[in-house]
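The next block holds one structure in the form of structure tokens; read it before the comments.
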Amino acid sequence: IENSRLVLGTWQSIFFCEFDGPRTRKILIKVICENGNINCF
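Here it is as structure tokens:
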């Protein structure tokens, strides 16, 4: 993450696939820094 934006390489991407119909969802995303620290921002 740089300047509040996700930085991905050429062949990297993130997908969210929904196969059981639309509904309200909660999504949890955990970011782990290169040094293994979770609180790196």
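Mind the numbering: the sequence shown is residues -18 to 22 in my numbering, read in order.
Where is the CB? At the ideal position from N, CA and C, for every residue including glycine.
Predicted model, so just to flag it, every value in this text is computed and none were measured.
Alpha-carbon spacing of residue i relative to residue j, whole angstroms
{"i": "residue 14", "j": "residue 1", "result": "33 angstroms"}
{"i": "residue -2", "j": "residue -13", "result": "19 angstroms"}
{"i": "residue -15", "j": "residue -4", "result": "19 angstroms"}
{"i": "residue -18", "j": "residue 8", "result": "18 angstroms"}
{"i": "residue 58", "j": "residue -8", "result": "Residue 58 lies beyond the stretch modelled for the chain, which goes from -18 to 22, so this question has no answer here."}
{"i": "residue 3", "j": "residue -10", "result": "30 angstroms"}
Local conformation of residue i per DSSP, three classes
{"i": "residue 15", "result": "coil"}
Residues that residue i bridges to, as DSSP identifies them
{"i": "residue -14", "result": "-17"}
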